[in-house]
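Participant: Please see the structure below; I have some questions.
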Amino acid sequence: MRRVNLPPLLNVPGKLPDMPVNRLPDDIDTLKRMLVSREETIARLLAEISRLKRWQYGRSSERMAELTGQLQLALGDGTLPPQGAVPASAPEAASDEPADTTAPVVPLRRRSREFPAHLPREVVEHRPQGCDCPECGGRLRKLGEDASEMLDYVPGYFRVIRHVRPRLSCSRCAKVVQEAAPSRPIARGMAAAGLLAQVMVARYADHMPLYRQAGIYRRAGIELDRATLASWVRECAALLQPLADAVGRYVREAQKIHTDDTPVPVLEPGRG
């Protein structure tokens, strides 16, 4: 069980005093004062329970407000400001919301794989070796071409790599020649090696959750949902498994193995 440091409680009794009915005073005013005192004690205890729940389960902003309140108790006059009170010097909230200056979000269609036109493109042409027909030695002429695009990431910006494979035909024997399609890190995947490396480094080296990465890419006009990023991470893990096995064998060859058992808390999406 993870140990949580909770803020100190206010000065409240650990247990309300019990008193038999036959020992209660007969004076009505005394009974009223006892009842009011008990109600105040119960109210303080309920407030502390709510405070501790917010401290353990609330957001970090609520915990910071809790620490501020405890500091005011220690340095101030011993009274907490009313909940929700705003300092007199606090600026008024702007009435108009700022204009959205982010790039337009262009959803990527899974079937057509059309990437936004504003992204820079690098054309890589794959031509057969030589200009003559491998069958008869005749001169090749261009019939057309097949093109496919992959989304790549260079630190700082996205780019689209367009792979062009001209289809060439022999003018003498009509044989069609075309270079083979380049291999991809993920079969039939749209992500190039640079983008996959960025996702993995951001996730495991920078500790950035996938939903945060999706938000960053969305601001650049690229719509990549968390499920797509998760599938890329799974495929990359399979590709890197031989390297992980080699590192494991190297570590186990040592006489001593030092590990870090520090627990890492996992937050729900949106609470990071």
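Everything in the sequence shown is counted per the UniProt record's numbering, starting at 1 for the first residue and increasing by one. Backbone N, C-alpha and C fix where the C-beta goes; we use that ideal spot for every residue, glycine too.
With distance defined between alpha-carbon atoms, name the residue in Asp27, Met190 and Gly137 nearest to Glu235.
Facilitator: Looking at the Cα atoms, Met190 is the closest of the given residues.
Participant: How big is the Cα-Cα spacing for Arg218 and Leu195?
Facilitator: Near 14 angstroms, if we compare the C-alpha coordinates of Leu195 and Arg218.
Participant: Which value, in whole angstroms, describes the spacing of the CA atoms of Val251 and His258?
Facilitator: Roughly 10 angstroms separates the two Cα atoms.
Participant: Below 8 angstroms on the Cβ atoms is my contact criterion, and I expect His126 with Arg184 to pass it. Report the Cβ-Cβ distance as a whole number of Å.
Facilitator: With 8 angstroms as the limit, His126 and Arg184 do not qualify as a contact, their Cβ atoms being about 14 angstroms apart.
Participant: Take the Cβ of residue 344 as the centre, count every other Cβ of all protein chains shown within 10 Å, and call the residue buried at 16 or more, exposed below.
Facilitator: The requested residue 344 does not occur in the structure, where the chain is confined to residues 1 to 272.
Participant: Just list the residues that DSSP pairs Cys170 with in beta bridges.
Facilitator: In the DSSP output, where bridge partners are listed per residue, Cys170 has Leu140.
Participant: So, at 7 angstroms on beta carbons, what are the nonlocal neighbours of Leu140 in its own chain, with the 5 sequence-adjacent residues on each side left out?
Facilitator: Within the same chain, Leu140 has close Cβ partners Cys131, Asp132, Cys133, Leu168, Ser169, Cys170 and Val177.
Participant: Would you say Val201 and Trp232 are within 9 angstroms of each other, going by their C-beta atoms?
Facilitator: For Val201 and Trp232, no; Cβs fall outside 9 angstroms.
Participant: Look up Glu253 in the DSSP assignment and say whether it is helix, strand or coil.
Facilitator: Correct three-state label for Glu253: coil.
Participant: With Glu40 as the anchor, note down where its alpha helix (DSSP H) starts and where it stops.
Facilitator: Where Glu40 is concerned, the enclosing alpha helix (DSSP H) stretches over Ile28 to Tyr57.
Participant: Just list the alpha helix (DSSP H) runs in the UniProt domain "Transposase IS66 central" (188 to 272), keeping only unbroken ones of 4 residues or longer that don't cross its boundaries, in chain order.
Facilitator: The UniProt domain "Transposase IS66 central" (188 to 272) contains these whole alpha helix (DSSP H) runs: 193 to 200, 210 to 219 and 226 to 252.
Participant: Please decide whether Pro155 counts as near chain C, where near means a Cβ-Cβ distance under 9 angstroms.
Facilitator: Checking the listed chains, one finds no chain C in this structure; it contains a single protein chain.
Participant: Rounded to the nearest angstrom, what separates Leu143 and Ala117 at their Cα positions?
Facilitator: Whole-angstrom Cα-Cα distance: 26 angstroms.
Participant: Beta carbon of Arg162, beta carbon of Arg212: below 9 angstroms?
Facilitator: Contact flag unset, no.
Participant: Taking 7 angstroms as the limit between beta carbons, can you name the residues of its chain near Ala230, skipping five residues before and five after?
Facilitator: Correct list, in chain order: Leu210.
Participant: What are the start and end residues of the beta strand (DSSP E) that includes Glu122?
Facilitator: Unbroken beta strand (DSSP E) run through Glu122: Arg121 to Glu125.
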